[in-house]
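So in this note's numbering, the last spot in the sequence shown is 820, and the numbers never skip.
Quick notes on the structure that follows.
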Amino acid sequence: MASLRALHAFSLLARLGRASLAAERLGVSPSALSHLMRKLEGELGASLILRDGRGLSLTEEGQRLALGLGDAFDQIEGAVDAFRRRSRTELRISTVSTFATRWLIPQLPDFQHQQPDVEILLSASTRMVDLDRENYDCAIRLGTGNWQGVDSVLLWREHLAIAMAPALCGDADEITPEHLSKLRLLHSAGRRGDWALWLSRTGLEHPDAGSGTVLESRDLAIQAAIAGMGAIVIDKRFLTQEVSAGHLVLPDWPLVELETGYWFVRSPNRPLSRPVAAFKTWLEKATHGYGPEGEGS
524 MASLRALHAF SLLARLGRAS LAAERLGVSP SALSHLMRKL EGELGASLIL RDGRGLSLTE
584 EGQRLALGLG DAFDQIEGAV DAFRRRSRTE LRISTVSTFA TRWLIPQLPD FQHQQPDVEI
644 LLSASTRMVD LDRENYDCAI RLGTGNWQGV DSVLLWREHL AIAMAPALCG DADEITPEHL
704 SKLRLLHSAG RRGDWALWLS RTGLEHPDAG SGTVLESRDL AIQAAIAGMG AIVIDKRFLT
764 QEVSAGHLVL PDWPLVELET GYWFVRSPNR PLSRPVAAFK TWLEKATHGY GPEGEGS
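Here is the structure:
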């Protein structure tokens, strides 16, 4: 039987494409990796590697073996890692990127202080995960809360407020809505309608609400606003640090509350574990009174 270590080395080389990377991943020197490859070729009686002085590449036989091995070693590593984690208390959370980066992560040290034995695995995605079939304990979703098959708790309703760099408005207390028409607008790709919605709800006008720079995410739009590229419309609870540091200001303009909000959700078909129950309780306390006027309102 071929050496499993040599097969693992070959699998890494086939997947990473470079001997130096495969050797580093395996924890051996490049010469030791080369020795393992020659040993494997001797055991299998086939030439697997082309050595032409410019590096290593796979022969047709090598490509056939790599295809047959597939992701077997990745599965083995995953199984071993899961076994090692068996004594740990894990909390697997799915949420949307903006909520994760702009609110949840800055708050999580408090949860970790209260639950020091809970190891958090946090995933950010716009995809709605299936809490019955996928390996998540709970999720934080953005929407109206009318999802079937989940228990949901509203954390807060979304709102839209205007923010910009101090250089664009001078004294935020004195800036008037008429100043709006002179501003460049910033948009995030997934929220292109927010400016039009804010304008229609407030009755204010801009000569071209669809104009301005479009950024891939709200995080990038915030950075563009800090750089003075234009004004952003966003839930101001995501701007706490930037406003406190003076990087952004919030003019005293109307705030528009939306029907959508952020919800804690979990599957009722799974037992309510201690980490999930603790996280839910912590979230409810952390967001209690977190209304449009900010924390504690």
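For each residue, glycine too, the CB sits at the ideal point set by N, CA and C.
All figures in this text were calculated on a predicted structure; none of them were measured in a lab.
With a cutoff of 8 Å on beta-carbon distance, M687 and L738 are scored as not near each other. Ranking A690, D660, I685, M651 by CA distance to the CA of Q671 puts M651 first.
Within the model, the alpha-carbon separation for R714 versus A589 is close to 44 Å.
According to the DSSP assignment, I628 belongs to the alpha helix (DSSP H) that extends over 628 to 637. With respect to the 8 Å criterion, L581 and I572 are classified as neighbours on the basis of their beta carbons.
Using a C-beta cut-off of 8 Å, the segment 632 to 651 makes no contact with the segment 718 to 738, since fewer than three inter-stretch Cβ pairs fall below that distance. For E780, the pairing in a beta bridge is given by DSSP as H682.
In the DSSP assignment, the residues bridged to R789 are D674. Within the same chain, K562, L563, E566 come within 7 Å of S526 by CB-CB distance, once the 5 residues on both sides are set aside. Judged by DSSP in its simplified three-state form, S552 adopts coil rather than helix or strand.
Among the bridge pairs identified by DSSP, M687 is matched with V772. The C-beta distance from I757 to A684 rounds to 7 Å, short enough to fall under 8 Å. When DSSP reads this structure, H710 sits in a beta bridge with V737. Annotation for V756: the continuous beta strand (DSSP E) segment containing it runs 755 to 757. Taking the C-beta atoms as reference points, S675 is found no nearer than 8 Å to W805. Taking each of T725, F761, C692, L762 in turn and checking the Cα distance to G751, the smallest one comes out for C692. Rounded to the nearest whole angstrom, the C-alpha separation of L645 and I628 is 9 Å.
The DSSP-derived three-state label of A537 is helix. Here the alpha carbon of L530 sits roughly 40 Å from the alpha carbon of T624. For the pair F634 and S552, the Cα-to-Cα distance works out to about 43 Å. Each of L703, E613, W721, A569 was checked against the Cα of G585, and the nearest Cα belongs to A569.
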